[in-house]
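One structure is given here, and the rest of the page talks about it.
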Amino acid sequence: MSEGNNAVLDREEQESKDEFFERVAKVANEMIESHGKDFAMGTLVLAARFIADGKPITGMKTSE
């Protein structure tokens, strides 16, 4: 692959990452508005732990 193609892929990857960060930021702000900073931080830390441990994040319930 040529160097020019690498630059395009790098730019596309960065744009994709930026879009995901914006989505996470929006959700985080919504959680803060609805339930406060402690809830938002706890949720994001818990999600990070699940990712690090290779556990699925979807389908989790916090209460029955």
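Just add 13 to the spot in the sequence shown (first one is 1) and you have the numbering used here.
Beta carbons are placed, not taken as given, at the ideal position from N, Cα and C, and that holds for glycine.
Between the beta-carbon of A38 and that of I45 there is about 10 Å, and that puts the pair past the 8 Å contact cut. Contact check for A41 against L59 fails: the beta carbons are separated by 9 Å or more.
Annotation for I64: the continuous alpha helix (DSSP H) segment containing it runs 50 to 66. In the structure shown, the three-state DSSP call for I45 is helix. A straight line joining the alpha-carbon of P69 with that of R62 spans about 11 Å.
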